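Take a look at the structure set out below.
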Amino acid sequence: MDEARQIVTDIQKGNIKPIYFLMGEEPYYVDKISDFIAENILTEEERGFNQMTIYGRDSNIDDIVSNAKRYPMMAERQVVIVKEAQDLSRTIEKLVDYAENPQPTTVLVVCYKYKKIDKRKKLHKAIAKTGVIFEGKRMYENQVGDWIIKTLKARGFGISPKAAQMLVEFLGTDLGKIDNELQKLQLICPEGTTISPEIIEQNIGISKDFNNFELRKAIGEKDTLKAHRIINYFAQNPKDNPMVVTVSLLFSYFSQILQYHGLSDKSKGAVAKQLKVNPYFVNDYVNAARNYPMKKVSHAISLLQETDVKSKGVGAANVSQGDLLKELLVKIMNQE
1 MDEARQIVTD IQKGNIKPIY FLMGEEPYYV DKISDFIAEN ILTEEERGFN
51 QMTIYGRDSN IDDIVSNAKR YPMMAERQVV IVKEAQDLSR TIEKLVDYAE
101 NPQPTTVLVV CYKYKKIDKR KKLHKAIAKT GVIFEGKRMY ENQVGDWIIK
151 TLKARGFGIS PKAAQMLVEF LGTDLGKIDN ELQKLQLICP EGTTISPEII
201 EQNIGISKDF NNFELRKAIG EKDTLKAHRI INYFAQNPKD NPMVVTVSLL
251 FSYFSQILQY HGLSDKSKGA VAKQLKVNPY FVNDYVNAAR NYPMKKVSHA
301 ISLLQETDVK SKGVGAANVS QGDLLKELLV KIMNQE
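In this text, residue positions in the sequence shown follow full-length UniProt numbering: the first is 1, and each later residue adds one.
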């Protein structure tokens, strides 16, 4: 995020490089940077003759180099954007000769999504000398909540930690998908609004009471009634609450509780750092660890692994996923 912001800032200051190679597993910032370049390097009048978009599947390296070597018409620069350049992965190293001596009046933007070039090879080294290489790395689930909070703050909005966690659990780690939902919320809510679980529920359709976050909390607090209500809701709405996701999140949750038991420093800051959670949620883990000593946590993890196998039809071919979850819940929460 900071690296992408620095690229944008440098361009705004006039520090424009002849090559921008944008790559990596996370395509969100690849698109954001290329869109910024497309909209800001040239004026609207200049774009007609001096800006072009090429698609990797419809071209080759020779085509790209040929277009990049053209001179701009009635403008200081031309911009050549190569979309879906990963389709040229087998021949991308042929770009090395141009990268070593790029046309100074061309801004070549290569969007190489979901992959990255080898740092040991000549192309990477050449672009690093003459241009900019940006790698969009896939965020881990525990990082996305903070990304949502920072992104909204930069746009003049707030969001509660619980609301951010609801979005992560519902939408996963796809930043583009999450940002689409955030933009919808920005259109609905006045600037300065702190987005709450109620706003999420009303406008995105995620239940603030019946979700995996609340299920984990209920299990951690040994709130049997609440946990069973959530499981019953999941059983009635299996498409919106796939069992594989619930079991996976519960496995991660108990793994974190197990990790908590092993910490020598149980201060709030240390726990948040080691478990990679927002400090706001640390008390939930403290309470859960009190209710589930290490032996019970280990047993819960074994039960989750057993349920995962059963959910795939091994040893429980005719048992519904709802019944499997109910059985799991009883076994976890009624341990002696």
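Glycine included, every Cβ here is placed at the ideal spot set by N, Cα and C. Just so it is clear, the structure is predicted and the values come from calculations on it, not from any experiment.
Going by Cα to Cα distance, which pick from the options is closest to residue i?
i    : options                   : result
E141 : G172, F157, Q12 and G158  : G172
V109 : I54, G145 and R155        : I54
M52  : V79, S66 and I33          : V79
L123 : Y98, Q143, P104 and K137  : Y98
E221 : I149, K273 and N283       : N283
S302 : Q335, K276, V277 and V286 : Q335
Q274 : N287, A288 and Q259       : Q259
R138 : L249, E26 and K17         : E26
S160 : D2, K310 and F281         : F281
S267 : V286, C189, D118 and L250 : V286
Using only the alpha-carbon positions, how far apart do residue i and residue j sit?
i    : j    : result
K121 : V96  : 9 Å
K13  : G131 : 16 Å
Q236 : L329 : 16 Å
E100 : M23  : 19 Å
E135 : G262 : 35 Å
L304 : L325 : 10 Å
P242 : N232 : 13 Å
A85  : V30  : 12 Å
L225 : N211 : 15 Å
G269 : Q256 : 15 Å
A126 : K69  : 17 Å
P279 : E201 : 24 Å
Q321 : T194 : 36 Å
I7   : T43  : 19 Å
I61  : Q103 : 15 Å
K129 : I117 : 15 Å
Measure how close the beta-carbons of residue i and residue j come, nearest whole angstrom, since I'm counting them as under 8 Å.
i    : j    : result
R290 : Y253 : Not really, about 15 Å apart at Cβ, beyond 8 Å.
N178 : I204 : Here the sequence assigns Ile to residue 178, which means Asn is not the residue at that position. Contact flag wrong, Cβ pair sits at about 11 Å.
T106 : P197 : Rounded, the Cβ-Cβ distance is 49 Å, inconsistent with contact.
Less than 7 Å separating the beta-carbons of residue i and residue j?
i    : j    : result
P72  : N40  : no
I133 : F21  : yes
I206 : M166 : yes
A163 : G145 : no
T307 : V247 : yes
F213 : E181 : no
K83  : C111 : yes
Is residue i close to chain B? Criterion is C-beta to C-beta, closer than 7 Å.
i   : result
A75 : Absent from the structure is chain B; it holds one protein chain and no more.
At 4 residues or longer, and completely inside the stretch 157-242: list those alpha helix (DSSP H) runs for me, N to C.
-> Note on the stretch 157-242: whole alpha helix (DSSP H) runs with a minimum of 4 residues are 161-171, 175-188, 197-204, 212-220 and 224-236, in chain order.
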